[in-house]
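The listed protein sequences derive, respectively, from chains S and P. In terms of our numbering, the first sequence has 787 at position 179, counting the first letter as 1, and numbering is strictly consecutive. In terms of our numbering, the second sequence has 233 at position 205, counting the first letter as 1, and numbering is strictly consecutive.
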Amino acid sequence: MILRILFIVGLVLCVPAVFVLDHALTVGPASWALDQTTFWGTPIANFVFWIGLAHAGTFFSAMLLVLNVKWQKRIAFPAEISTIAALFVAAIFPLIHLGIPQRFYLMFPMGLFRHLYVNMESPLVWDFIAILVYLCLSIFFLLIHAGSLRFPSLVAFRRPLAWVLFPLVLWVHTIVSLDFAITLIPTWQGAYFPIYFIVGALFSGIALVLILSELEGRRLRRLEDLLIAFSWGLLALWIWELMTKEIWCPEILFFGFLVPQLLWIRPLRAIPTIRVVIAMSVIFALWWERIKLVMPSDSEWTPVDYGWIALGWGGFMAIYFGLRLVTKRIFSDRIDTISTEVSVEPFPKKRMALYWGAGFSAALLFVAWFILRVPTVPWVRMVPVFFPLMALVTGFLIVVDAFSRVLNRRVLFGLLGGLGIILGIFGGLIYQGGKTTFDESPTIITTEKMPAIPRPAEVIWKSRCASCHGEDGHLNRKFVHEFYPLPRDISVSRFDSLGVDSLSKVILDGRAFMGAYRGRISESEAHSLIEYMRTLAKEAP
Amino acid sequence: MDQSRRNFLKVASLVLGGLALWGCRRDKNFAPTPKASSDISLWKIEIKQAMQRNISLGDLVPIKIPGPLLKFSKEINRFGMSIDLDICNGCGECILACMLENNIPRVNDNEAQKGRFMHWIEMREGVPVMCSHCGDAPCEKVCPTGAAVASPDGMSAMIYPRCIGSRYCGANCPSKTRKFNYTDARAEGLSAKFNPEVPLRNRGVMEKCSLCVQRLQNDRLLAKTLGKEWRGMGVQSACAMACPKKAIVFGNWLDSESPLSQAVRGRGVYTLRSIAGLDPSVVYLVGRA
């Protein structure tokens, strides 16, 4: 019942979120608080926060599974769902943050396709790839877990996949921290940033999972112990930050460190409400910490900045509780109890090595291909994307292997074919891309610089056209060869067949590689240019 | 029967709710587009407004005279500028010339209140500050799409159609000279195309001083057509041309005959402390060396 109420609360929160989202996309980055010197605002802070919350799900489902922690199965399934919900929410924020969100696909590492290349030196690209891979593998992991209820033999595949996810999670948050640590901004620098971010992420994530498990009506004492342990771990890093950069916030220390210490007191700890409140205080402290980290200046918040809270929690609650209700309806309560109790033979080591090897060589091939296409990229910068790519291929092979055992061949090939078609469509769309040329309405162009008296065509030809088309009209081959595919040679018959109107349109508005000259050449000048070109064509040998 | 009515009501209310949301959406073209004005006095007013801000300059530290770029060590050209602070009186003529040359838009009142002007040249404590075109530019390293990219002749260039507006370059620029198009100046009628050779920028695109690349490019094409070796002799940036005291000198660092190399001879070469280690191409001259 409580799950259903919270699902509805999430949906209700989505209503203001939709308006905020719409406003933010219409007005652009000017709609949220940014000042003269900070270009990154609350969306990036919220992104880091939600990615951090997502990590906890994987921590409980994959890391603790690998480490043979017995109690993890009591919380694994809700944690996995929360990972996916939090990741979806997290992925929205960087897209909103972009100045031109519809151009986000330019970050796909496609080498020199379309004459656009991705800068592999940029942490944002590492981030983009790592998070995409993380989302894919989290979905795979959930699929295997849910599938193992129907086909118990799938349980054998959980552990190998968890071994892929374990390092990936640490890798992802390391890269998120590098977004900051790699810059020249003094408050963002420090070699401790990766560990600082990972500890912070797990701390807030554990608090979230604690709340979720309370909602399921389960109390996990170990979670509370972990919360205390991580609060001390983070305190150490906060002290480090205070010593090196003299940054400290009393409110973060209070909500993030002092409040969780209440868990030492047994009678208080026994009350579920107190536990939830403590977890909420931790989540708040960590959220505020990310905000303070990304935008240290006190710029005035707009409604949009507050709207991210509705967007984040509304989206998370709607997705999480929606999925939870659906899975409860399908699997009833079996999902939390049976899954790991089935005894299965361990995954053969040889096959595991094969998949890792395949992933490794696929990533190596990609890196080699990229470096060959874009030789200026320093190869060291490919290291951060190497592991996520490897993990993606390895994880995909494990999932295909898993489902090839339980599913009918035809169904499996159908699914793979469908996936291929979808990827093909998206790949094609990205390859086609959007328009990268400027379409300026010529009405804005002021004609102040245009001479009142038309200049002689010969002068214009020599100053404007001859650099490519050659003084005699037969192309400046030395120059044109270097840059463009050669245009057709001029001839009188071709001139007559094309006509003055279409030619002047080409001169004024451009075509293919010919630049547009509207504003620099008037229409009457264009006409006289065509006449001049005709005489040049007549002189042709 | 009862069940189906219940379902019908559910679906109908969902559809109606969705339609209501759709109906409430913001209409982009609610206000009529104001007419674009190309009255230069409007630009002058804005420059005056911008010059009243108090932006701290930070320390100036001495550096070596810029030499060949590490990335492009075989190139014979590296363009740059020197600004003689002994002569400069901070009049702001360069800002206007720059805006007219590069079609820099004005900003609306809201943005002006926040101090977010688009001016590529900014007066900080009476010193004109623009992008320094660092040889080892931090902005180029973090741009995800390669929109901020080094050109072989020493410019830290911006390719507008590649820019997706992640603003990472701006966040990583120590001298904070990158400007982001927060608003659609064209739609608000705040931009005018004074110079047909420079495109107007869209909302969501980063921009900054381009060292008047269009002038260099025109000259380069001409030299190439004539088959001459090109060292950029005779080209001047808009700010250098407009400076009434001739404090700004544009030229080629690698050409010992260029006006820049001659202006720097025997002078103390300085730059902002924050970018001193990044091999800037635009430097300040103070006193004698």
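For glycine and all other residues, C-beta sits at the position ideal for the given N, C-alpha and C. Keep in mind the model is a prediction, meaning the values are calculated, not measured.
Note on geometry: alpha-carbon atoms of residue 44/P and residue 926/S lie some 19 angstroms from one another. Taking a beta-carbon distance threshold of 8 angstroms, residue 1066/S does not count as an interface residue toward chain P.
Between the alpha carbons of residue 787/S and residue 727/S lies a gap of roughly 14 angstroms. Distance from residue 833/S to residue 784/S at the Cβ level is roughly 27 angstroms; contact not present, criterion being Cβ atoms closer than 8 angstroms. Scanning the segment 47-130 of chain P for uninterrupted beta strand (DSSP E) segments of 3 residues or longer gives 88-90, 107-112, listed from N- to C-terminal end.
In this structure, residue 263/P places its C-beta atom within 8 angstroms of the C-beta atom of residue 244/P. A residue is called buried once 16 or more other Cβ atoms fall within 10 Å of its Cβ, and residue 1001/S is buried on that count.
Annotation: residue 168/P to residue 713/S spans about 19 angstroms, alpha carbon to alpha carbon. In this structure, residue 224/P sits near residue 1127/S, with a CB-CB distance shorter than 8 angstroms. Cβ atoms of residue 683/S and residue 668/S come within 8 angstroms of each other, at about 5 angstroms. In the DSSP assignment, the residues bridged to residue 1129/S are 1126/S. Pairing residue 1079/S with residue 1123/S, the inter-Cα distance amounts to about 18 angstroms.
At a C-beta separation below 9 angstroms, residue 139/P has these neighbours in chain S: 638. Per DSSP, reduced to three states, the secondary structure at residue 692/S is helical. Closest option to residue 745/S, judged by alpha-carbon separation, among 675/S, 710/S, 670/S, 803/S: 670/S. Annotation: Cβ neighbours of residue 1074/S in chain P (cutoff 8 angstroms, chain order): 253. Collapsing the DSSP output to three states places residue 990/S in a helix. Contact between residue 883/S and residue 824/S is absent: CB atoms are separated by about 13 angstroms, not below the 8 angstroms threshold.
Between the segment 64-77 of chain P and the segment 101-110 of chain P there are fewer than three C-beta pairs closer than 8 angstroms, too few to call the two in contact.
The Cβ of residue 170/P sits closer than 8 angstroms to at least one Cβ of chain S. Residues of the segment 727-745 of chain S with a Cβ closer than 7 angstroms to any Cβ of chain P, in chain order: 727, 729, 730, 731, 732, 733. With respect to the 8 angstroms criterion, residue 621/S and residue 932/S are not classified as neighbours on the basis of their beta carbons.
DSSP places residue 742/S in the helix class (H, G or I) of the three-state scheme. Contact annotation: in the segment 1116-1133 of chain S, residues whose CB is within less than 7 angstroms of a CB in chain P are 1127, 1128. In the three-state reduction of the DSSP assignment, residue 1015/S falls in the coil class, being assigned neither a helical nor a strand state. In chain order, 638 make up the part of chain S whose C-beta sits under 7 angstroms from the C-beta of residue 211/P. Fully contained in the segment 665-716 of chain S are the following alpha helix (DSSP H) runs of length 4 or more, in chain order: 684-705. In this structure, residue 839/S lies away from residue 801/S, with their beta-carbon atoms at least 8 angstroms apart.
Annotation for residue 173/P: 190, 192 place their beta carbon closer than 6 angstroms to its own, counting only its chain and skipping 5 residues before and after.
Of all alpha-carbon atoms in 1009/S, 973/S, 1136/S, the one lying nearest the alpha-carbon of residue 762/S is that of 1009/S. With a threshold of 8 angstroms between beta carbons, residue 233/P makes contact with chain S. Across the set 304/P, 158/P, 179/P, the C-alpha of 179/P shows the shortest separation from the C-alpha of residue 99/P.
In chain order, 122, 123, 126, 156, 157, 158, 237, 267 place their CB closer than 8 angstroms to the CB of residue 149/P, counting only its own chain and leaving out the 5 sequence neighbours on each side.
Following the DSSP letters along the chain, one finds residue 156/P in no alpha helix (DSSP H) but inside the beta strand (DSSP E) bounded by residues 155-157. DSSP, read as helix, strand or coil, puts residue 178/P in strand. Under DSSP, residue 279/P shares a beta bridge with 108/P.
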